[in-house]
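J.: Using the numbering used here, the letters of the sequence shown map in sequence onto residues 13 to 951. Using N, Cα and C, we set each Cβ at its ideal position, and we do this for glycine too. Since we're looking at a predicted model, the values are computed, not measured.
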Amino acid sequence: MSADLDLLICQLRDSRAQTRADAARVLAQRPSPLAKKDLMRCLSDVSDPVRYWATAALAGLQDKSLLPVLTGQLEDPSASVRMVAAKAFHDLPYKKAVQPLLKALGDDNENVAEWASRALAKQGVEVLPQLISALGGRSWRRRQAAARTIRRIGPAAMEILVKALNRQDRNLQYWVLQLLGDLKVRSAAPHVVPFLGCKDTDLLRAAIRAAGELGDRDAVPHLIPSLGHPDENVRFEAVRAMSRFGDYSVKQLSDLLSSDRRVLRLSASLSLGAIGDLTLRSVLEKLTSESQELRYWAVRALEKFDNPAIVPLLVNLLDDEEFDVQVAAATALANFQLPPEVTQDLIARLSVDNWRVRKGIAEALQVQTHVPVKLLIDALASPSEDVRFWVTKILPKFGSVDSVRALMARFDDPSWPIRKNAAEGIAAMGDLATHLLLEALERRDTDSNSRYWLTRSLVGNTDPQLLPTLTGLLSDADPSIRRNARDAIALFGDRAVAQLLEVLKNSESRSVREAVAGCIIAARPTDFELLTRMYRFRDPEVNYWISYILGHLGESALPTLSRMAVQGDERERSDALTALEYVPSRETFRICLECLEDEFVSIRRQVVRILGKFRVAEAAPKLIGRLKEADDEYLLSLLEALGRIGGDAALGAILPYLSHERWEVRKAAVLAAGATKDKRALGAMTALLREDSRDLLPFVIEGLGLLQTPAAAEAIAPFVADADQDVQLRAIEALGATGSSQHRARIVPLLASERWEVVREALEALGKLGGPVNVDALRPILNGDDLVLRGVAQRTLKHLLGAEKWQELTQVTIRKTLADPALAHLEAARSLMSAGKNAEALVRLKKSLRLSKRWDSYALLGTLHLEGRDLPKAERAFSKALGLKPGEPHSLSKLAVCHLLAGAPGKAEPLLESLLRDPRCPPEVLSFAKRTLGKLAKS
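#1: Excluding the five sequence neighbours on either side, which residues of its own chain have a C-beta within less than 7 Å of the C-beta of Met13, listed in chain order?
#2: If you follow the alpha helix (DSSP H) that Thr944 is in, where does it begin and where does it stop?
#3: Taking all protein chains shown into account, decide if Leu794 is buried (16 or more other Cβ within 10 angstroms of its Cβ) or exposed.
#4: In its own chain, which residues sit with a C-beta less than 6 Å from the C-beta of Ser559, not counting the 5 before and 5 after it?
#5: Apart from the five residues just before and just after Pro710, which ones in its own chain have a Cβ nearer than 6 Å to its Cβ?
#6: Which same chain residues, not among the five before or five after Leu19, have their C-beta less than 7 Å away from its C-beta?
#7: What's the call for Asn496, buried or exposed, on a 16-neighbour Cβ count within 10 Å?
#8: Does the region 839 to 848 come into contact with the region 804 to 817, if we say contact requires no fewer than three beta-carbon pairs (one atom in each stretch) closer than 8 Å?
#9: Closest by CA to Val804, which one among Arg791, His203 and Ala916?
#10: Among Asp34, Tyr186 and Leu928, which one has its Cα closest to the Cα of Ser905?
#11: Please report the residue range of the alpha helix (DSSP H) in which Asn555 lies.
#12: Can you give, in chain order, each stretch of the alpha helix (DSSP H) that sits fully within the region 694 to 768 and has at least 4 residues?
#13: Would you mind stating whether Pro422 and Asp398 have Cβ atoms separated by less than 7 Å?
#14: Between the alpha carbons of Gly193 and Phe401, how many angstroms are there, rounded?
#15: Near Leu448, which residues of its chain fall below 6 Å by C-beta distance, leaving aside the five closest residues on each side in sequence?
#16: Going by Cα to Cα distance, which pick from Ser412, Ile165 and Ile622 is closest to Ile603?
#17: Once the 5 residues before and after Lys897 are set aside, which same chain residues still bring their CB inside 6 Å of it?
#18: Report, in whole angstroms, the separation of the C-beta atoms of Ala680 and Leu635, which I expect to be a contact under 8 Å.
#19: Starting from the C-beta of Asp490, find all residues in its chain whose C-beta is less than 8 Å away, skip the five residues before and the five after it, and write them out in chain order.
#20: Candidates Leu912, Ala914, Ala941 and Cys933: which alpha carbon is nearest Glu925's?
#21: Taking only three categories from DSSP, how would you classify Asn795?
#22: Work out the CA separation of Arg361 and Ile220 for me, nearest whole Å.
#23: Per DSSP, what kind of secondary structure is Leu778 in: helix, strand or coil?
#24: If we ignore side chains and look at the alpha-carbon of each, how far apart do Ile21 and Asn121 end up?
#25: What runs of the alpha helix (DSSP H), each 4 residues or longer, lie entirely inside the region 625 to 680?
#26: Assign Gly372 to one of three DSSP states: helix, strand, or coil.
#27: Please classify Arg307: is it buried, with 16 or more other beta-carbons within 10 angstroms of its beta-carbon, or exposed?
#28: When the distance is taken between beta carbons, is Ser396 closer than 7 Å to Ser363?
#29: For Ser752 and Thr721, what's the separation of their Cα atoms in angstroms?
#30: According to DSSP, is Leu82 part of a helix, a strand, or is it coil?
#31: On a CA-only basis, which of Lys517, Glu852, Arg130 and Lys115 is nearest Arg154? Give me that one, please.
#32: Relative to the C-alpha of His317, which candidate in Glu333, Ala91 and Ala344 has its C-alpha closest?
#33: For Val197, name the three-state secondary structure that DSSP assigns.
#34: Taking the alpha-carbon positions, what's the Leu419 to Glu567 distance?
#35: Which one of Phe626, Leu542 and Ala653 has the shortest CA to CA distance from Leu639?
#36: Spatial neighbours of Arg25 within its chain, please: CB distance less than 6 Å, with the 5 preceding and 5 following residues excluded, ordered by chain position.
Laid out in structure tokens, this is it:
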């Protein structure tokens, strides 16, 4: 044994895993049978690298006696060890055990499965029976790997695969069909054809794919039904398969373009397009057809042709008499790169009548990679609004400084959608537009309209150079400019925060600071330290807005706020609590309960306000415990918070303070007792009404209103006529808050009061009380000149009537509002028809019907269509007229005429007979019915 080998064997026994792995790696590179025993011991090592290299080293020995050992390594917990074992089986020069490798095909690690597949494929057709059995197994991973292995074996597997098709195993048949297609042995085609009528969609798709791959023309008639299959995936496979048969399938596919099934027409057009130039003659023949449908599907087939020679033909088809064909041609043009002369022609066509055609042309221009920008810019001067609209949509894609200038010039366009397109297009061009926008905004002669659209063009442009201008615009006098600036800044995210904070610090305008706060909140910053550093300036206004921002950032800011509330100085703790007022969470409540012991009463009052605001029930005992020792202001805060929290303990603590010696404490207590909404407070509160002092009376009434009970309403009701205005107003509002509808009668007379505020409060109260009210009492206000009272009265009426009744009233209003214009259009249509101007009359009738669905409008529409011999439309119009006015004689007689002209006397006779039975039937209509029925009886 050499010294080097001896050293390596010693290292295999070393206590260090890295040393053992290094030694095994060397032995894998220089295999030695003398190390076999120690390497086998390493197969049970705890280290994955050691087992990996030991397996590789043993495989390198190519010792047949080691097969069981290597087989065991296919079960190793390490994927790398399993992989090197599978590779070893591939590299060994003699036949290997099959079953362990079949099992390895389903390994979770793709490298293990790949080497197992290669090892099995190396054994050839002998392992095919086992592989085919694996195709029908449960494991999708193993089935896929088995199929991959069979592909590696190649055409030699074909005979055994064909036999496997006879097994009644769905999974097996699916994979075999896939493999027959992949192997491309044409002699397998007759065995695939029977599966082209399969009802199982997965098997059918596999068979279609195989038929297409094999390319046997005898399969074509069997593939055609699948073009109309209800499953889209089956149709897709059929289209792809048919396209592989080239000119042989063209005749059948061309014939399908005139099928009565739309799905077959679609699939045939896709197949013809996929075949390409070989089908051109056949498709062109269809374009000469009188059938709009056939021409449409022929164009859909041309859409897929990869041949620029098709472009002039498609442009010509934009002049087809049918809009659907024009749309198909426009859509098809999007698949080609167009020469300049065609581009110019398409730009001019952006003013065609049909918007779908315009849209298709615009989309075709948008996908071009080379369009002369000057053509588009010149088109912006077109007198056609449609051309300008679509060009402003297209131009931004071909961005240039000239494009920006041209779009900015459109800010004076009379059409609002064009101005909007221009602004959005400039924003999409980003940095390219920045310099020009800033330059325009700095000019003093820029009018307000242009300034609006210039700033709207900034929304979406995130060039950092814009930030100083945008933050400056937050103080603009025009609210629409400020809104544009806010929208633009919001898209900068975190990048804008530092600059916004500078504006917040230096501005003295509340509206600017509010806008800045909104922008920072929208940006969702993550650097909270950047925000909290602003507290150092000790500016109360800045501190308020920073707290506002942190609060509206929600729970993500809680760690920062918690640290400030617990560890900061008095000012920092106060600022943190101001922010926490916007964050209702368990963590907020925990922080507040901890701060309830703060040394500063101002902090404690903030905490109490937050606990009351969020009605934190577990805080009630602690708040009650502080009532006796609280100073004046703190006591008022405690009572207010306990009122909001409510509960037995809170009410019990509040009630004694109703008789407190100080007026402000009694006021706070009575409002707190009402806020609990506990009816047990009623007795103590009504007792206060009987006291001689009226100083507390308005607040007792307000507190009773908060209770929202019938008994409280009874106590309040007498005061709605009180001579003291303050008491009266409080009583009206409080009575409304109770929702006790039985007291409406006390409120209604107040609507006639000479005092404006009493009328307003009475209206508001009636809305809250609900129930039936004589609307006559509201009518003088609803018809009056006071816009504020009219608005309140309308809201009140809506509440009183209820949602369903209000909706009915709204519908009546709509009908009455539109009735007169609709009638005017109808009369104009009658006059135009009398003058023989049927086309203009049709326009007027459509306007009339858009405003109001009148029976006589439908009747006139039917007459118009009847004169034009458009019988289906006439029949529909007369049917709608009769639906709105059943039995109307003239419409019935004309509907009968429609049926007679359409060759359906059986439908006409019952209508004519019903006219004979109608005593209201006009003489001329009755005479027509008798004559017509007589003629029908003779025929």
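T.: According to the structure data:
#1: Taking the first residue of the sequence shown as 1, we reach residue 13 at position 1. Only weak support is given to the placement of Met13: the predicted model assigns it a pLDDT of 44, under 50, and the question is left unresolved by the model.
#2: Counting from 1 along the sequence shown, the entry for residue 944 is found at position 932. Here the alpha helix (DSSP H) through Thr944 covers Pro935 to Lys950.
#3: If you number the sequence shown from 1, residue 794 lands on position 782. Its Cβ having fewer than 16 others within 10 Å, Leu794 is exposed.
#4: Within the sequence shown, residue 559 is the residue found at index 547, counting from 1. Answer for Ser559: Asp587, Thr590 and Ala591, listed in chain order.
#5: The residue given as residue 710 occupies position 698 in the sequence shown. If we look at Pro710 and ignore the five residues flanking it on each side, its Cβ neighbours are Asp738, Val739 and Arg742.
#6: Your numbering for residue 19 matches position 7 in the sequence shown. Nothing meets the Cβ criterion.
#7: Taking the first residue of the sequence shown as 1, we reach residue 496 at position 484. Answer is buried; the Cβ neighbour count reaches 16.
#8: no
#9: Counted from its first residue, the sequence shown places residue 804 at position 792. Measuring from the Cα of Val804, the nearest candidate turns out to be Arg791.
#10: Counting from 1 along the sequence shown, the entry for residue 905 is found at position 893. It is Leu928.
#11: Translated into the one-based positions of the sequence shown, residue 555 becomes position 543. Judged by DSSP secondary structure, Asn555 falls within the alpha helix (DSSP H) whose first and last residues are Pro552 to His564.
#12: 694 to 701, 709 to 719, 722 to 728, 737 to 750 and 756 to 759
#13: Taking the sequence shown and counting its residues from 1, one reaches residue 422 at position 410. Taking the sequence shown and counting its residues from 1, one reaches residue 398 at position 386. Per the sequence presented here, residue 422 reads as Arg, with Pro not at that position. No, the Cβ-Cβ distance between Arg422 and Asp398 is not below 7 Å.
#14: The sequence position of residue 193 within the sequence shown is 181, counting from 1. The sequence position of residue 401 within the sequence shown is 389, counting from 1. Rounded to whole angstroms, Gly193 to Phe401 spans 52 Å at the Cα level.
#15: For this step, residue 448 is matched to residue 436 along the sequence shown. Val416, listed in sequence order.
#16: For the purposes of this step, residue 603 is identified with residue 591 of the sequence shown, where counting begins at 1. The shortest Cα separation from Ile603 among Ser412, Ile165 and Ile622 belongs to Ile622.
#17: For the purposes of this step, residue 897 is taken as residue 885 along the sequence shown, with counting starting at 1. So the qualifying residues of the chain are Trp867.
#18: Here the question's residue 680 lines up with position 668 in the sequence shown. Here the question's residue 635 lines up with position 623 in the sequence shown. About 13 Å separates the two Cβ atoms, so there is no contact after all.
#19: Stepping through the sequence shown from its first residue, residue 490 is reached at position 478. For Asp490, where only same-chain residues beyond five positions count, the Cβ hits under 8 Å are Ser460, Arg463 and Tyr464.
#20: If you number the sequence shown from 1, residue 925 lands on position 913. It is Ala941 whose Cα lies nearest to the Cα of Glu925.
#21: For the purposes of this step, residue 795 is taken as residue 783 along the sequence shown, with counting starting at 1. Looking at Asn795 - three-state DSSP - the assignment turns out to be coil, as it is neither helix nor strand.
#22: In the sequence shown, residue 220 corresponds to position 208, counting from 1. In the sequence shown, residue 361 corresponds to position 349, counting from 1. Ile220 and Arg361: Cα-Cα distance of roughly 43 Å.
#23: Taking the sequence shown and counting its residues from 1, one reaches residue 778 at position 766. DSSP places Leu778 in the helix class (H, G or I) of the three-state scheme.
#24: Residue 21 sits at position 9 when you count from the first residue of the sequence shown. Residue 121 sits at position 109 when you count from the first residue of the sequence shown. Distance from the CA of Ile21 to the CA of Asn121, rounded to the nearest whole angstrom, comes to 32 Å.
#25: 632 to 637, 644 to 657 and 660 to 666
#26: Residue numbering aside, residue 372 sits at position 360 when the sequence shown is read from its first letter. Helix at Gly372.
#27: By 1-based counting over the sequence shown, the position of residue 307 is 295. Burial call: buried.
#28: Within the sequence shown, the letter at position 351 stands for residue 363. Within the sequence shown, the letter at position 384 stands for residue 396. Going by C-beta atoms, Ser363 is nearer than 7 Å to Ser396.
#29: Working through the sequence shown from its first residue, we reach residue 752 at position 740. Working through the sequence shown from its first residue, we reach residue 721 at position 709. Approximately 8 Å between the Cα atoms of the pair.
#30: Indexing the sequence shown from 1 puts residue 82 at position 70. Leu82 falls in the helix class under three-state DSSP.
#31: Counting from 1 along the sequence shown, the entry for residue 154 is found at position 142. Per the C-alpha coordinates, the member of Lys517, Glu852, Arg130 and Lys115 positioned closest to Arg154 is Lys115.
#32: Taking the sequence shown and counting its residues from 1, one reaches residue 317 at position 305. Note that residue 317 is Phe in the sequence shown here, rather than His. Closest by alpha carbon: Ala344.
#33: Start at 1 with the first residue of the sequence shown, and residue 197 comes out as number 185. Val197 falls in the coil class under three-state DSSP.
#34: Numbered from its first residue, the sequence shown carries residue 419 at position 407. Numbered from its first residue, the sequence shown carries residue 567 at position 555. Taking the straight line from one Cα to the other gives about 44 Å.
#35: One-based indexing of the sequence shown puts residue 639 at position 627. Answer by Cα proximity: Ala653.
#36: Working through the sequence shown from its first residue, we reach residue 25 at position 13. Excluding sequence neighbours, Arg25 sits near nothing in its chain.
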